[in-house]
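Undergrad:
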Amino acid sequence: MRILPRKFYNRNTVQVAKDLLGKTLVRKTGKQKLTGIIIETEAYKGKNDPASHASKKKTNRNKVMFGQVGWSYVYFTYGMHYCFNVVAKNDKDLSGAVLIRSIQPRLGIKTMIKNRKIDVISNLVNGPAKLTQAMRITLEQYHVDLTKDSDLFIMDGIKPAKILAKPRIGITEGVDKLWNFSFKI
DNA sequence: TCGCAGATTGCCT
DNA sequence: GGCAATCTGCGAA
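Here it is, written out as C-alpha cells:
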C-alpha cells in the first residue's frame, strides 16, 4: 500500500470525502501502531457552506483550512472533544476540509480500547470525538503533513462497494447538503 | 429505544 | 458572555 499523494487532496472537497472511504488511517505512538479503515466522512467547504468553520473568515483556529491540502486540521470543541479533519480543496476554493467521523479498527485495537477506557467494540470509534480519543489525536496533531510517513498519515486501502450519502450531523445550518458519506464493509 | 441535559474549555463578537 | 462539526448517562415509555 502507498501513502496518498498530495494531488489526491487537491480536488473538489466533496469528491475527496467520497474517495477517502476505504482508505487506511495510520497513527504511530512510540512503538505502537494503530490503523483503521475510514468508513464515514463529512465534507466541509469554506465559501457558501454556513456549517463550515471557514465559511465566515480566516481566524487563528481555522487558518489551516485555507492552507496546504493534505495537512491535518484538529480542533477542540464542547470543552472536552477533539475532531480530526483533512484539508482538501481544488484550486478554485479558498478553503475546505474533510471530517473523519468513523473508522473500522485494524491494528492496535487493544490499545484503542485502553485509550477509550471501555470494552465495547461497537462503541469504540463510531463518532469523531471517540475516534480521536482511541487514536490519541490531540492538538499536537494540529497541522501534520498526512502525505509523509510520520506519526499520522493516510494510506491507500480498499474499495467501498456502496457509498451512502446523508445530511451532515451535529450542525444547525446547511443540513440540506448530502455531504456525509459512509459505506458498509 | 428514544430524547434531553450536563460536562467544560477555548474561541469569537 | 455565548456558543460549539459531541458523548454519555439518566429517566420515561
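The first sequence lines up with residues 72 to 256 when you count with the working numbering. Each residue gets a CB set at the ideal place from its N, CA and C atoms; glycine is no exception.
#1: Based on Cα-Cα distance, which residue from 177, 144 and 154 lies nearest to residue 93?
#2: Cβ of residue 207 within 8 Å of Cβ of residue 195?
#3: Spatial neighbours of residue 75 within its chain, please: CB distance less than 6 Å, with the 5 preceding and 5 following residues excluded, ordered by chain position.
#4: Once you ignore the five residues that flank residue 231 on each side, which residues in its own chain have a CB closer than 7 Å to its CB?
#5: Grab me the residues of residue 132's own chain with a C-beta within less than 8 Å of its C-beta, minus the 5 sequence neighbours each way, in chain order.
#6: List in chain order: all unbroken alpha helix (DSSP H) runs of 4+ residues lying wholly within the segment 73–137.
#7: State whether the segment 106–125 contacts the segment 164–183, with contact taken as three or more CB pairs (one from each stretch) at a distance under 8 Å.
#8: For residue 185, which three-state DSSP category applies?
#9: Cutting at 7 Å between CB atoms, please list the residues of its own chain near residue 204, excluding the five before and the five after it.
#10: Could you have a look at residue 139 and say whether DSSP puts it in helix, strand or coil?
TA: Taking the geometry as given:
#1: Shortest Cα-Cα distance from residue 93 to any of 177, 144 and 154 involves 177.
#2: The Cβ atoms of residue 207 and residue 195 lie no closer than 8 Å to each other.
#3: The beta carbon of residue 75 is closer than 6 Å to those of 225 in its chain, skipping five residues each way along the sequence.
#4: For residue 231, where only same-chain residues beyond five positions count, the Cβ hits under 7 Å are 92, 93 and 254.
#5: Excluding sequence positions up to five before and after residue 132, its CB lies within less than 8 Å of the CB of 124 and 146, all in the same chain and listed in chain order.
#6: 77–80 and 84–90, all fully within the segment 73–137.
#7: Between the segment 106–125 and the segment 164–183, the count of C-beta pairs closer than 8 Å reaches three or more; the two stretches touch.
#8: Under the three-state reduction of DSSP, residue 185 is assigned to helix.
#9: The answer, listed in chain order, is 186 and 187.
#10: Three-state DSSP puts residue 139 in coil, outside helix and strand.
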